[in-house]
Each structure stands twice: as C-alpha cells, then as structure tokens.
Amino acid sequence: MNEGTCAIRTCDKKARCRGWCSAHYERWRKHGDPTVTLPAVPPPAPIRTQPARCVVDGCERTPWARSMCSAHYSKARQYGDPTVDRRRLRLDCSVSDCSRPVRGHGWCPMHYQRWRAHGDVEARPSLRFTACQVPDCQRPLRSATSGLCHMHYTRRWRHGSVDVLRVPTRSDQITYRAAHQRITTDRGPARVQPCVDCGSRAHHWSYMHTDPGEMRSPGGQPFSLDPAHYEPRCASCHARFDDRYSV
C-alpha cells in the first residue's frame with residue numbers, strides 16, 4: 321500500500337498506485353509516461369441559435385430552417401427567392417379568353433378534357449337530346465348521351481329498365497320484427513299514446529287479430545302487414561288480450 325505524496329516532484333497529491341497519484345498513474349497507464357503533457361482541450365463550438373422571428377421583413381412567424389419560417393423557406397428552395405409571389409407565377413390557359421389555371425399541355429382542365437375526348441380544345445359536345453326521351457317525361461337531362469333524366473337514368477342503372485318503379489318485396493319475407501317496425505314508422509311509438517283498455521301509458525303495438533291475411537312468425541306469433549290492425553296497449557293489457565287468442 322502506497323503512502324505519502326505522489327513521486328512526481330511538482331505534485332503534492334496523495335499517492336494511490338505505484339507511488340503516483342491517480343492523475344499521473346492514468347497518464348502512465350494510457351501513454352506510458354506519467355509526466356506526459358496532454359494537449360489542451362479545444363473549447364466547445366458555439367451553439368447556433370435561431371432568431372426569434374423569421375428574417376424576412378414583415379414576417380412574424382417562428383423560424384423553421386435557415387432563420388426563415390416554413391413558408392419562406394419553401395419559396396426559397398423552390399424559386400430561389402423567399403419573397404416571391406406564387407400567384408403571379410400561375411400560368412393561365414393558353415386558349416384565348418380563358419383565364420383558368422393550367423392543368424396539362426398548357427390548357428385548363430376543361431380544354432384539356434375537350435382535347436382528350438375530341439382532339440380539339442375548341443370542340444363543344446353536341447347535345448343529341450334536349451329533354452328526357454321517356455314518354456310523358458319532361459324532366460331535364462341527366463346524361464346528354466343517354467337521353468334520360470336523373471330518375472329514369474337511375475332506374476335503368478339499377479333495374480335495367482326505365483319502367484321499373486322498384487323491385488317488389490315478397491310479403492313472405494317480411495318478419496315479425498319488420499312488421500312492427502313499419503307500424504312505428506307509420507304511426508309513431510306506442511309509448512306516446514294511452515292504452516285502449518286501461519288508459520295508462522301504452523308500451524306495445526298490440527295486434528287485433530282481425531286481419532284476414534294474417535301471417536305467423538316461425539315461432540307461431542300472429543301478426544299483420546297492415547298497421548291499421550294494431551292498437552296501443554300497456555304490457556299487462558297486451559298480455560291479457562293475447563291470451564284470448566292463444567291456442
């Protein structure tokens with residue numbers, strides 16, 4: 321165990337190992353000489369800071385890059401000038417008397433589509449029809465080439481014929497739940513009406529068992545497709561009423 325001060329004459333620190341202090345021992349371990357002079361450590365480079373505001377005159381935005389805000393930095397990258405007015409750089413359609421912005425080939429979208437469809441930017445599509453061609457229909461055209469209004473065009477697109485009003489629904493596909501939903505749609509919820517038997521607030525639409533075309537659910541519950549064959553009843557009166565017709 322080393323005692324006393326460091327063996328280096330100019331050092332009065334406490335010896336730690338091999339008669340040297342910790343500093344001289346580390347110099348010997350790393351460089352092979354405890355008296356080696358280490359080069360001075362250069363000062364750290366100053367941290368570059370952004371200004372508080374964009375350097376462009378009149379701009380109060382926060383800098384994003386190169387001391388400019390994102391908008392002026394984008395202009396500087398794209399045009400070489402952060403103060404350029406993009407609106408003045410917009411090109412107008414090359415067709416005379418057209419001030420729409422250019423989309424392709426020097427034309428606006430309208431003239432570009434005319435060129436694609438007809439090969440001429442001045443071509444105007446001729447209307448083959450002026451009104452719907454379905455007899456007794458004077459609605460305006462939805463499609464100039466088909467000669468149909470919006471209603472007949474949709475019918476032909478959905479059903480293949482302009483004469484089909486709608487695809488008929490088979491009554492045997494209507495369920496017990498769907499029939500009751502129709503009643504609520506046509507006559508409103510039963511809870512806003514009084515019970516026809518006791519006068520208290522109704523809870524359900526009760527089937528009156530008076531429809532000649534009565535239907536039955538898979539569980540055996542009778543119901544009608546006509547909302548007129550239902551009455552509002554509370555839960556207890558509804559149960560007693562249905563018990564009369566239970567098999």
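So the sequence shown is residues 321 to 567, counted in the numbering used here. Virtual Cβ for every residue (Gly too), placed ideally from N, Cα, C.
Test item: CB-CB of residue i and residue j under 9 angstroms
| i | j | result |
| --- | --- | --- |
| Val376 | Thr403 | yes |
| Trp340 | Pro363 | no |
| Arg381 | Ser394 | no |
| Arg502 | Pro547 | yes |
| Ile328 | His351 | no |
| Arg444 | Arg434 | yes |
| Ala555 | His524 | yes |
| Arg475 | Ser481 | yes |
| Ala396 | Pro383 | no |
| Ile494 | Met528 | no |
Own chain residues within Cβ distance below 8 angstroms of residue i, not counting five before or after
| i | result |
| --- | --- |
| Ser419 | Asp412, Cys413 |
| Arg490 | Caution is warranted here: a pLDDT of 47 is assigned to Arg490, below 50, making its placement in the model unreliable, and no coordinate value can be reported. |
Own chain partners of residue i with C-beta closer than 7 angstroms, once the 5 adjacent residues on each side are dropped
| i | result |
| --- | --- |
| Cys457 | Cys469, His472 |
| Val516 | Glu551, Pro552, Arg553 |
| Asp531 | Ser544, Asp546, His549 |
| Arg462 | Leu468, Cys469, His470, Tyr473 |
| Pro359 | none |
| Tyr432 | Arg423, Gly424, His425 |
| His392 | Cys374, Val376, Cys379, Pro402 |
| Val415 | Trp427, His431, Val441 |
Between the CA atoms of residue j and residue i - distance to the nearest angstrom
| i | j | result |
| --- | --- | --- |
| Arg386 | Met430 | 41 angstroms |
| Arg560 | Pro542 | 15 angstroms |
| Gly426 | Pro455 | 45 angstroms |
| Asp264 | Arg459 | No statement about residue 264 is possible, as the shown extent of the chain runs from 321 to 567 and does not include it. |
| Ser566 | Arg497 | 19 angstroms |
| Asp562 | Arg507 | 21 angstroms |
| Asp417 | Val441 | 13 angstroms |
| Gln398 | Gln370 | 22 angstroms |
| Thr504 | Arg564 | 24 angstroms |
| Thr330 | Arg349 | 19 angstroms |
| Ser526 | Ala451 | 50 angstroms |
| Gly539 | Ser520 | 29 angstroms |
| Gly533 | Trp477 | 35 angstroms |
| Arg436 | Met388 | 43 angstroms |
| Gly400 | His438 | 40 angstroms |
Three-state secondary structure assigned by DSSP to residue i
| i | result |
| --- | --- |
| Ala499 | helix |
| Pro547 | helix |
| Ala391 | helix |
| Arg476 | helix |
| Arg275 | There is simply no residue 275 to check, as the chain begins at 321 and stops at 567 in what is shown. |
| Asp412 | strand |
| Asp563 | helix |
| Arg536 | strand |
| Pro455 | coil |
| His529 | coil |
| Thr403 | coil |
| Pro514 | strand |
| Pro542 | strand |
Sequence-distant residues of its chain with Cβ nearer than 6 angstroms to residue i (five each side left out)
| i | result |
| --- | --- |
| Cys557 | Cys515, Asp517, Cys518 |
| Val484 | Arg475 |
| Gln453 | Gly467 |
| Gln513 | Ala522, Pro552 |
| Ser537 | Tyr496 |
| Lys333 | Cys326, Cys341 |
Chain B within 9 angstroms of residue i, Cβ atoms only
| i | result |
| --- | --- |
| Asp483 | Chain labels in this structure do not include chain B; a single protein chain is all it has. |
query = In the segment 328-401, which residue ranges form an unbroken alpha helix (DSSP H) of at least 4 residues, counting only runs that do not cross its ends?
reply = 342-351, 390-399
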